[in-house]
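Here's the structure, in structure tokens; my notes come after.
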Amino acid sequence: MSELTETIRQELKDKETRYIYDDDLLNTYIATQIKTLREQRGWTQQRLAEEAGMKQTRISVLEDVNYSSWTAKVLRRLAQAFDLRLTIKFEEFNSFFKDFEGVKPELLARRSFNDDPAFKDTPKPAKQGKPTVTKAVQTGLHVIETENPRASQLDFPFAQRARFDVIAGTGTGQADIKPGEQTSGTLALSQPQMALVAAGGK
Amino acid sequence: MKKWLIYDYVNEQGVNEIAAWARKYLQKKERTKLNSKLNMIAENGPDLPGLLLKTEVEYIYKIKVQGNPKLRPMICHGPFKEIDDETGEECETITLLVGAKEISWDFEPRGADIEAGIRRQIILRDRKRRVKHERIN
Numbered sequence: 000m001s002e003l004t005e006t007i008r009q010e011l012k013d014k015e016t017r018y019i020y021d022d023d024l025l026n027t028y029i030a031t032q033i034k035t036l037r038e039q040r041g042w043t044q045q046r047l048a049e050e051a052g053m054k055q056t057r058i059s060v061l062e063d064v065n066y067s068s069w070t071a072k073v074l075r076r077l078a079q080a081f082d083l084r085l086t087i088k089f090e091e092f093n094s095f096f097k098d099f100e101g102v103k104p105e106l107l108a109r110r111s112f113n114d115d116p117a118f119k120d121t122p123k124p125a126k127q128g129k130p131t132v133t134k135a136v137q138t139g140l141h142v143i144e145t146e147n148p149r150a151s152q153l154d155f156p157f158a159q160r161a162r163f164d165v166i167a168g169t170g171t172g173q174a175d176i177k178p179g180e181q182t183s184g185t186l187a188l189s190q191p192q193m194a195l196v197a198a199g200g201k
Numbered sequence: 000m001k002k003w004l005i006y007d008y009v010n011e012q013g014v015n016e017i018a019a020w021a022r023k024y025l026q027k028k029e030r031t032k033l034n035s036k037l038n039m040i041a042e043n044g045p046d047l048p049g050l051l052l053k054t055e056v057e058y059i060y061k062i063k064v065q066g067n068p069k070l071r072p073m074i075c076h077g078p079f080k081e082i083d084d085e086t087g088e089e090c091e092t093i094t095l096l097v098g099a100k101e102i103s104w105d106f107e108p109r110g111a112d113i114e115a116g117i118r119r120q121i122i123l124r125d126r127k128r129r130v131k132h133e134r135i136n
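The following block contains the structure:
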């Protein structure tokens, strides 16, 4: 803990001090984050004003650490302009320090929904090595899903004389497994691509 | 993370003028508001939006502390970097030069910004004319 943090920790024990410090921190945090988010998007105050349906002078005021008359309604409009979610929570005073140390542009920047990787639909990374049974759809039916390198082998852990169907992918191999064939054995993929294989009962 | 160190101007007799001003002219609530701003500068730097305002004197800024009265202590960046005792790293600094308030668009004391410019020059000639900031609660 730094000397400054320890000093503040002691000072926060005084009720008047902690409310003054916390008010100031909240105002500073909001003003600095609005400015950071605007600059992160390469927007002028005028552009943000248009996006949020406000006047530029209002944005200028909101970007001042001494401004304290913002409302949840205004912040909600800004959140929508930035395509972000707004959270308002009650917190214990121990969270003061995290926010206090976090009033820095690199920590305040946030990605808009469209740049949020959580909502990007990306293909699954290739699985290597032996396949595993990922799902037993129902009794007597197994599904194997894999993306193997060329010519690697799938060992089917199924009963003899089961019925295998290659639902997707390309498969050839020692047991000559083909869609609809009644057999068991191993499968060597001819291409490094996914094979989805279903094995039914006898 | 980069830290900012804060210094106070001291006069020829070695009196910390900023601490003396805070003790003499500021109520507890005002001192707390000022300390809050100085905390922010020390932790996050002086470039927070709207925190510092330029004055008519080159290199001199006023810290904007909301309230009644309006505290406007005069500061400058630097004018020297210093080694932080805690980390051993070279840090940016700011120096509090004159304790002031703003009443009806005028500084109290009058000409506080000009005096701050003079004091900055004094510090540039003699770096012993500033000391680590003394916190007044």
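Chains A and B supply the protein sequences, listed in that same order. Numbering that gives the first Met the number 0 puts the first residue of the first sequence at 0, with every later residue one more than the last. Numbering that gives the first Met the number 0 puts the first residue of the second sequence at 0, with every later residue one more than the last. We treat Cβ as the ideally placed atom computed from N, Cα and C, and that holds for glycine. Keep in mind it's a predicted model, so treat the numbers as computed, not measured.
Check: At which residues does the alpha helix (DSSP H) containing Tyr18/A begin and terminate?
Finding: Lys14 to Gln39
Next item on the list: Using a Cβ-Cβ cut-off of less than 9 angstroms, give me the residues of the stretch 11–29 of chain B that come near chain A, in sequence order.
Entry: Lys27 and Lys28
Note to self: 7 angstroms is my cut-off, CB to CB: does Lys72/A come that close to chain B?
What the structure shows: no
Next item on the list: Please name the residue in Thr94/B, Gln12/B, Ala19/B and Lys1/B whose C-alpha comes closest to that of Tyr58/B.
Entry: Thr94/B
Notebook entry, point to check: Nearest chain A C-beta to Met73/B closer than 7 angstroms, yes or no?
Noted result: no
Margin query: Can you pull out the residues from the stretch 88–122 of chain B whose beta carbon lies closer than 9 angstroms to at least one beta carbon of chain A?
Written below: none
Next item on the list: Please name the residue or residues paired with Trp3/B in a DSSP beta bridge.
Entry: Glu91/B
Check: In terms of residue numbering, what span does the beta strand (DSSP E) encompassing Leu52/B cover?
Finding: Leu51 to Lys53
Margin query: Let me confirm a value: Val102/A is counted as buried when at least 16 other C-beta atoms fall within 10 Å, else exposed. Which label applies?
Written below: buried
Note to self: Under 7 angstroms, Cβ to Cβ, is there at least one residue of chain B near Glu38/A?
What the structure shows: Output row for Glu38/A: interface = no.
Check: Beta carbon of Leu4/B, beta carbon of Cys90/B: below 7 angstroms?
Finding: yes
Notebook entry, point to check: Any idea which residues DSSP pairs Phe112/A with across the strands?
Noted result: According to DSSP, Phe112/A bridges with nothing at all.
Note to self: So, under 8 angstroms CB-CB, Ala108/A and Gly49/B are touching, yes? Tell me the CB distance rounded to an integer number of Å.
What the structure shows: Their Cβ separation, rounded to whole angstroms, is 19 angstroms, which puts Ala108/A and Gly49/B out of contact at 8 angstroms.
Check: What does Pro48/B touch in chain A if you count any residue whose Cβ is under 8 angstroms from its own?
Finding: Ala30, Thr31, Lys34, Glu62, Asp63 and Val64
Next item on the list: Ignoring anything shorter than 3 residues or poking outside the stretch 16–71 of chain B, list the beta strand (DSSP E) runs there in chain order.
Entry: 51–53 and 60–62
Check: Hey, how far is the Cα of Ile82/B from the Cα of Leu3/A?
Finding: 16 angstroms
Checklist line | Residue from Phe92/A, Ile33/A, Phe99/A and Asp98/A with nearest C-alpha to Ala80/A | finding: Comparing Cα positions, the closest option is Ile33/A.
Next item on the list: Evaluate the contact criterion for the stretch 69–85 of chain B versus the stretch 107–125 of chain B: three or more CB pairs, one atom per stretch, below 8 angstroms.
Entry: yes
Next item on the list: Answer yes or no: does any C-beta atom of chain B fall closer than 7 angstroms to that of Leu3/A?
Entry: yes
Next item on the list: Report yes or no: is there a C-beta of chain A within less than 7 angstroms of the C-beta of Thr54/B?
Entry: no
Notebook entry, point to check: Phe106/B: buried (16+ other C-beta within 10 angstroms of its C-beta) or exposed?
Noted result: buried
Item checked: Pro72/B versus Ala99/B - alpha carbon distance -> 5 angstroms
Check: In chain order, what residues of the same chain lie with their CB nearer than 7 angstroms to the CB of Asp98/A, ignoring the 5 residues before and after it?
Finding: Answer for Asp98/A: Leu24 and Tyr28, listed in chain order.
Notebook entry, point to check: Which same chain residues, not among the five before or five after Leu51/B, have their C-beta less than 8 angstroms away from its C-beta?
Noted result: Pro45, Tyr60, Lys61, Ile62, Lys63 and Ile74
Next item on the list: Work out the CA separation of Glu114/B and Tyr6/B for me, nearest whole Å.
Entry: 17 angstroms
Margin query: Considering only their Cβ atoms, is the gap separating Val97/B from Val9/B smaller than 7 angstroms?
Written below: no
Checklist line | 7 angstroms CB neighbourhood of Val60/A in its chain, flanking five on each side removed | finding: Excluding positions up to five away in sequence, the list reads Tyr66.
Check: Mind pulling the chain A residues with CB within less than 8 angstroms of Glu85/B?
Finding: Ser1 and Glu2
Next item on the list: Counting only the same chain and skipping the five closest in sequence on each side, list residues whose C-beta sits under 7 angstroms from that of Arg17/A.
Entry: Here the set comprises Leu11 and Phe92.
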